[in-house]
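Residue numbers (full-length UniProt numbering): 1 to 199.
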């Protein structure tokens with residue numbers, strides 16, 4: 001099964017990137033204020049290698065064949081995902097999802113280039129925060145409290161929600177006319193889980 005994206009909506013969304021980043025900074029300040037004055041305990045702390053990405057990553061969201069609003073996810077180093085709208089960056093309202101369900105975390109990691117030399121780059125990871133009904137990467141449930149590296153075209157689902165979050169960046173999104181259904185591709189999790197690094 002193939003899903004078609006409206007290329008005109010993609011280019012229109014891209015033109016608002018900077019404005020959305022500006023709005024996100026203000027939302028982040030409001031979220032920090034909320035955290036400081038409320039009794040909500042945040043389950044997650046960012047690791048020392050947390051970094052904001054230079055690449056403009058996005059979540060394209062589908063519910064069945066319906067394309068939902070796209071998320072820009074390059075404006076900060078981590079995104080808390082869950083039902084608690086007062087503190088979460090990416091709200092998920094399905095009742096099977098936990099209040100603090102998972103985190104999308106960017107980390108500066110060692111990276112081996114094609115020529116064998118070593119370098120460092122910012123890589124996206126997903127970590128489940130011990131949610132009640134789990135987080136699924138390419139249709140496979142991941143272990144809680146472990147980092148899983150994400151790659152372009154990976155598909156994430158939360159709890160029993162049918163919404164699919166497809167990870168693409170600006171360049172791939174502008175060049176791709178179709179998004180393949182992950183069930184057709186038979187994609188597997190690409191990396192063993194990694195223990196979180198505490199500050």
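Where a beta carbon is used, it is the ideal one built from N, C-alpha and C, also for glycine.
Check, Outcome
"Alpha-carbon to alpha-carbon, residue 78 and residue 48", "12 Å"
"Completely contained beta strand (DSSP E) runs for the region 28-113, where each covers 3 or more residues", "57-63, 66-72, 78-82 and 102-112"
"Closest by C-alpha distance to residue 151, when choosing among 82, 97, 171 and 124", "124"
"Reference residue 39; option with closest CA among 147, 149 and 87", "87"
"Exposed unless 16 or more other CB atoms sit within 10 angstroms - verdict on residue 45", "exposed"
"Residue 68, buried or exposed, once every other Cβ within 10 Å from all chains shown has been counted against 16", "exposed"
"Close-in-space but distant-in-sequence residues of the same chain around residue 73 (CB under 7 Å, 5 per side omitted)", "57, 58, 59, 79 and 104"
"Inter-stretch contact at 8 Å, needing at least 3 Cβ pairs: the region 92-106 / the region 146-160", "yes"
"Exposure label - residue 128; buried when at least 16 CB within 10 Å", "buried"
"Beta-carbon proximity list for residue 50, same chain, < 7 Å, skipping 5 on both sides", "77, 78, 105, 106 and 107"
"Ordered list of beta strand (DSSP E) runs contained in the region 118-168, each at least 3 residues", "118-128, 135-137, 147-149 and 155-158"
"Helix, strand or coil at residue 171 according to DSSP, with G and I counted as helix", "helix"
"Beta-carbon proximity check, residue 96 vs residue 139, cutoff 7 Å", "no"
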